[in-house]
Amino acid sequence: MHVLIVEDEKSLASELEHFLTKEHYRCDVASTGNEASEKIAVNRYDFILLDLGLPDYNGLDLLREAKELEHQPAIIILTARGAVEDRIEGLSLGADDYLPKPFSLLELQVRMQAIMRRKFNVKSSVLNLHGLEIDSSARRVNFKDTEVSLTKKEFDLLHYLLLHKNRILTRLQLTEHIWGNILEDDYDSNYIDVHIKNLRKKLGAYIPSDWLETVRGVGYRLTA
Amino acid sequence: MRLQTKLTLFSAVSKVLILLLLIFLLPFLISRVALHNTDKRLLTKKEQVFDIIQRQGIDSFVGTGSDEMYGSYNLLKEEFISIEPIDTSQIDNRIENSYRDVEGEILEYRVLSLAFEVEGGTYLLEIGRSLATIRETSDTMQRYASYFLVAVVLITVFIDLAFVRILLRPLRLILRRLQRIGHPDSFRPNPLPTTTSDFVYLNNTINNMMMQIQEAFLKEKEFIGNVSHELLTPVSILQTRLENLLNDPALPEEMLEKLVESQRTLHRLKSIVHALLLISRIENEQYLRNEEVSVKSLVSDVAEEIEERLEIKRLTLDKSLTDDITWKGTYSLLFTMLFNVVNNAIKYNRPGGAITIEGRNTSNGFKLDVKDTGVGIPEEQLPNIFNRFKRLHAPDGESHGLGLPIVETVARFHKIQLSVSSEVGKGTCFSFLFPV
Chain A
24 MHVLIVEDEK
34 SLASELEHFL
44 TKEHYRCDVA
54 STGNEASEKI
64 AVNRYDFILL
74 DLGLPDYNGL
84 DLLREAKELE
94 HQPAIIILTA
104 RGAVEDRIEG
114 LSLGADDYLP
124 KPFSLLELQV
134 RMQAIMRRKF
144 NVKSSVLNLH
154 GLEIDSSARR
164 VNFKDTEVSL
174 TKKEFDLLHY
184 LLLHKNRILT
194 RLQLTEHIWG
204 NILEDDYDSN
214 YIDVHIKNLR
224 KKLGAYIPSD
234 WLETVRGVGY
244 RLTA
Chain B
2 MRLQTKLTLF
12 SAVSKVLILL
22 LLIFLLPFLI
32 SRVALHNTDK
42 RLLTKKEQVF
52 DIIQRQGIDS
62 FVGTGSDEMY
72 GSYNLLKEEF
82 ISIEPIDTSQ
92 IDNRIENSYR
102 DVEGEILEYR
112 VLSLAFEVEG
122 GTYLLEIGRS
132 LATIRETSDT
142 MQRYASYFLV
152 AVVLITVFID
162 LAFVRILLRP
172 LRLILRRLQR
182 IGHPDSFRPN
192 PLPTTTSDFV
202 YLNNTINNMM
212 MQIQEAFLKE
222 KEFIGNVSHE
232 LLTPVSILQT
242 RLENLLNDPA
252 LPEEMLEKLV
262 ESQRTLHRLK
272 SIVHALLLIS
282 RIENEQYLRN
292 EEVSVKSLVS
302 DVAEEIEERL
312 EIKRLTLDKS
322 LTDDITWKGT
332 YSLLFTMLFN
342 VVNNAIKYNR
352 PGGAITIEGR
362 NTSNGFKLDV
372 KDTGVGIPEE
382 QLPNIFNRFK
392 RLHAPDGESH
402 GLGLPIVETV
412 ARFHKIQLSV
422 SSEVGKGTCF
432 SFLFPV
């Protein structure tokens, strides 16, 4: 997957590049609109991560240019402006997703995977965990022929852990994913622990309990 | 009362007062005029009599005998003339009302009495005019004058009414334009078609002020945009950097814990910025209130969202909404508003406590109460709970306390009346009134 990062803030661009490269994406960085405009005309990108607030270019113009490309790259808008009409305009111009800054890299990755599934027809939406089948489009978990009943939040949590397997996820990252759209200053990490406990209890009937490791003082890691 | 009504009423009342005054004074005035005319007529008659005496001599009136007198009445006894010889001692010249016995009938006359000397004799001339006749004339005059006055008052009141309407038309236009303004953004400056300079001045002043407000709103919007960019970009960099670091397998464990702490601190900063931006955006009217939100389903959505929190804290939620109301607004904001209040009720509740959400129609509108059985808020703190950055009953000491200011801002934005009552140790009740 070839990704173009359009971001005038150099440190942010390099963090994005670092993360995506580790996740096996091939990355290019453009820090001005002109540079980005040239790059999208020459190369064939699968993803364009687009910051709308560019110093030399109207980000929405760049979005229009990208939409005219024949191979239809997926476009995710990353912006700190976040005015309501910006969001509406970005999505109505055909961006595939919209992520207000500051965002979590893990969240970005989840969105990119969802777009890949949708846009590039990656059929396999079923993930496997020690014999558990987690169907992310039907939002169902099965063990052989039995369905494991999870609440909406438990499913989201399991899915998120699975998408980021072998990586330490802090309680805050998990909280932000589960309660993402809700503004809360003093989140209670206790809630996540309780959800994890329930999840462990429910899955414990089917798979060995070592699927999830507790990293003391930090968070959790799913090993598979 | 409208200015036009007041002006018309004032002109009508003042005219009626003048009319009453005139009607009250009219009999007196008219009788004065009538008397004055009568006196003038009597004097003219006197001159005529003297003319005749000069031409024909006094003898033609009173023969030679010294005690003979002349008297003449017209047919209906409206007027009389008499000349009689008198002694010089009786000279008495005046005009006055007096009674006369005319052929057995007592009548009141206006009488001119004048003594004069002619051909060596002294005579008294009396010319009289019946007062009944005078009064009759003056009554007629009075009646017509009254009709005329009433007509004049009516006509002028109607003319005033029409004129005031025309005169105040620009003011009505200004008022209509002001009523149409929902938001400074929707204001367009318009010239006013009038020659009244006061209204032109008023209109120009309003236009100027509205343009200034509009400009301030736009500037604030731009400012909010810039602030979000300036504040959120560094936060963004830090957040991604922390995440990359957390994923570094070479990192020692104790560093990991420090990073988690930093992430938490950064999260706090992030939510403060978000909360402030949210409040600013609402106050800058950047949200459309164009969704039909059912309060009943809003309550269900919030209840679903907090279901697990209730279980964890072993709280019970009791929903009793006997009625429902659909409110025009922004769903996400209304959700945040109710969520914050319910979440507060969870946060400050005692373990095993209860939360009650009640909704019903009242005479003032739809009332939604969120009650908890928590620690309560001391009375002296109640007026401050919606103040930004007032640290109140936050047991964790970490809360920046912007949850309730957001509730208040969203409620105000949606014209929902918010009130709170609390009893320390018993619980708190937040009430939302959706007015009819």
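If you're matching them up, the sequences are chains A and B in order.
Per my numbering, the very first residue in the first sequence carries number 24; after that it's consecutive.
Per my numbering, the very first residue in the second sequence carries number 2; after that it's consecutive.
We put the CB at the ideal spot given by N, CA and C, even for glycine.
Would residue i pass as a contact of residue j if the rule is Cβ separation under 7 Å?
i: S131(B); j: L155(B); result: no
i: T123(B); j: I87(B); result: yes
i: I225(B); j: S272(B); result: no
i: V26(A); j: A36(A); result: no
i: V1(B); j: L334(B); result: A query on residue 1(B) cannot be resolved here, the shown segment of chain B reaching from 2 to 437 and no further.
i: D370(B); j: E380(B); result: no
i: F435(B); j: F336(B); result: no
i: A355(B); j: T317(B); result: yes
i: I440(B); j: V343(B); result: This structure gives no information on residue 440(B), because the portion of chain B shown stretches from 2 to 437.
i: H187(A); j: L129(A); result: yes
i: I28(A); j: L72(A); result: yes
i: S263(B); j: K124(A); result: no
i: T327(B); j: S295(B); result: yes
i: L20(B); j: L162(B); result: no
List, in chain order, every chain A residue whose beta-carbon is nearer than 9 Å to that of residue i.
i: Q215(B); result: In chain order: nothing, as chain A lies at least about 17 Å away.
i: V261(B); result: T193, R194, L195, G240, V241, G242
i: Q264(B); result: T193, L195, Q196
i: G183(B); result: Result: empty, since nearest Cβ-Cβ is about 17 Å, beyond 9 Å.
Ignore the nearest five residues each way along the sequence and tell me which others in residue i's own chain have a CB closer than 6 Å to its CB.
i: L232(B); result: V274
i: T44(A); result: C50
i: K142(A); result: A97
i: E30(A); result: A36, D74
i: H415(B); result: G330
i: P231(A); result: none
i: L197(A); result: I215
i: V149(A); result: E156, D158
i: E221(B); result: N285
i: E120(B); result: I59
i: K90(A); result: G117
i: C430(B); result: D370, K372, S422
i: A18(A); result: The first residue shown for chain A is 24 and the last is 247, placing residue 18(A) beyond what the model contains.
i: G398(B); result: Low confidence applies to G398(B): its pLDDT is 49, below 50, so where it sits in the model is not reliable, and the reading given next is rough at best. Excluding positions up to five away in sequence, the list is empty.
Given that residue i touches chain B, what residues does it touch there, using C-beta distances under 8 Å?
i: E32(A); result: T234, S237, I238
i: L35(A); result: T234, S237, I238, T241
i: I191(A); result: L247, N248, L257
i: G76(A); result: H230
Starting from residue i, follow its DSSP beta bridges and name the residues at the other end.
i: I181(B); result: Before going on, a small fix: residue 181(B) reads as Arg here, not Ile. Its beta-bridge partners do not exist; DSSP assigns none.
i: D120(A); result: I99(A)
i: K372(B); result: T357(B), C430(B)
i: N98(B); result: R111(B)
i: L72(A); result: I28(A), I99(A)
i: L126(B); result: I84(B), L115(B)
i: F447(B); result: Nothing can be reported for residue 447(B), as the shown portion of chain B is limited to 2 through 437.
i: S131(B); result: Y110(B)
Report the neighbours of residue i on chain B: residues whose CB is nearer than 9 Å to its CB, in chain order.
i: L39(A); result: T241
i: F42(A); result: T241, E244, N245, N248
i: L128(A); result: Q240, T241, E244, N245, N248
Could you pull out every residue in the same chain whose Cβ sits closer than 8 Å to the Cβ of residue i, ignoring the five residues on either side in sequence?
i: D233(A); result: T246
i: I386(B); result: I378, L393, L405, V421
i: L197(B); result: The sequence shown places Thr at residue 197(B), not Leu. Within the same chain, T197(B) has close Cβ partners L168, P171.
i: L27(B); result: Q143, A146, S147
i: N57(A); result: D79, Y80
i: R166(B); result: Q5
i: E177(A); result: H218, N221, L222, K225
Residue i versus chain A: which residues are under 7 Å apart at the beta carbon?
i: K271(B); result: P125
i: H268(B); result: L195
For residue i, return the contacting residues in chain A, with the cut-off set at a CB-CB distance below 8 Å.
i: E309(B); result: T174, K176, Y214, V217, H218
i: I313(B); result: N213, Y214, V217
Using a Cβ-Cβ cut-off of 7 Å (strictly less than) and excluding sequence neighbours within five positions of residue i, which residues of its own chain qualify?
i: Q215(B); result: P185, D186, F188
i: E97(B); result: V112
i: R242(B); result: none
i: S139(B); result: I31, S32, A35
i: K16(B); result: V154, T157, V158
i: P253(B); result: none
Could you check whether the Cβ of residue i sits closer than 6 Å to any heavy atom belonging to the ligand HEM?
i: Y68(A); result: The ligand HEM is not part of this structure, which contains no ligands at all.
Any chance you could list the alpha helix (DSSP H) runs of at least 4 consecutive residues sitting entirely within the region 257 to 339 of chain B, in chain order? Counting whole runs of 4 or more residues, the region 257 to 339 of chain B contains the alpha helix (DSSP H) stretches 296 to 314.
Inside the region 111 to 175 of chain A only - beta strand (DSSP E) runs reaching at least 3 residues: 120 to 123, 149 to 152, 155 to 158, 163 to 166, 169 to 171
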